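First the structure, in the form of structure tokens, and then the observations on it.
Numbering (this note's numbering), first residue to last: 718 to 931.
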């Protein structure tokens with residue numbers, strides 16, 4: 718005779734023991750998505766207008782970079798999509814308290830789209846199990862240069878999207894567009910990237926394992 722009753726009891730006990738861990742991970746991921754959506758909205762309110770450009774200096778890039786590193790590709794994209802959805806729906810979540818879908822279609826729309834693309838890209842580049850980028854990923858722990866490359870790639874997407882959109886939106890020449898949408902922001906982007914690197918190293922070690930589903 719096989720101890721069917723004991724086996725069933727052990728299986729049920731193991732399953733019930735896993736339930737609290739599943740709930741904790743689910744709550745952690747939900748908190749991460751909501752938290753970084755709100756962090757992106759708050760960082761957008763730190764907006765410093767500059768002369769001769771419709772694009773302000775904000776702290777959004779820092780929040781976006783940290784979200785990508787901390788949440789990973791799927792949850793990071795979800796948090797940014799939630800931010801854009803709430804801002805488009807009427808919440809004053811965009812830079813300087815702006816809101817509405819007209820903001821997404823305005824001068825800074827390219828940067829918002831760049832955020833949406835850069836966040837999952839950064840999550841992929843910092844994902845240990847991503848096989849196609851073994852040159853930069855898949856090591857345990859992550860090397861510093863891996864994170865630097867990932868952050869620079871994400872910044873290139875953000876700034877590239879912003880400048881490209883601004884070029885067509887403004888109708889100005891390339892030199893004028895670069896003066897409005899790129900050159901004034903490079904020092905600030907360097908500082909925010911450095912901050913994201915320092916904080917991101919800790920996030921990859923202590924928080925990211927809770928966010929990755931596999």
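C-beta: ideal position from N, C-alpha, C; glycine also.
This one's a predicted model, so the numbers in the text were calculated from it and none came from an experiment.
Test item: CB-CB of residue i and residue j under 8 angstroms
i	j	result
residue 914	residue 865	yes
residue 804	residue 820	yes
residue 790	residue 746	no
residue 742	residue 897	no
residue 812	residue 780	no
CA nearest to the CA of residue i, picked from the options
i	options	result
residue 802	775, 833, 825 and 827	833
residue 837	886, 881 and 786	786
residue 907	813, 870 and 883	870
residue 760	909, 920 and 904	909
residue 867	812, 890, 881 and 839	839
residue 842	782, 882 and 815	782
residue 925	885, 766, 784 and 888	784
residue 882	826, 766 and 762	826
Cα-Cα separation, residue i to residue j
i	j	result
residue 879	residue 861	27 angstroms
residue 927	residue 793	13 angstroms
residue 774	residue 796	22 angstroms
residue 739	residue 920	20 angstroms
residue 918	residue 904	22 angstroms
residue 873	residue 829	13 angstroms
residue 824	residue 772	7 angstroms
residue 900	residue 831	17 angstroms
residue 885	residue 815	21 angstroms
Local Cβ density within 10 Å of residue i, reported as buried at 16 or more and exposed below that
i	result
residue 753	buried
residue 875	buried
residue 911	exposed
Cβ-based neighbour list, residue i, same chain, cut-off 8 angstroms, excluding 5 preceding and 5 following
i	result
residue 818	805
residue 923	none
7 angstroms CB neighbourhood of residue i in its chain, flanking five on each side removed
i	result
residue 800	754, 757, 758 and 810
Residues near residue i in its chain [Cβ-Cβ closer than 6 angstroms; skip 5 each side]
i	result
residue 767	901
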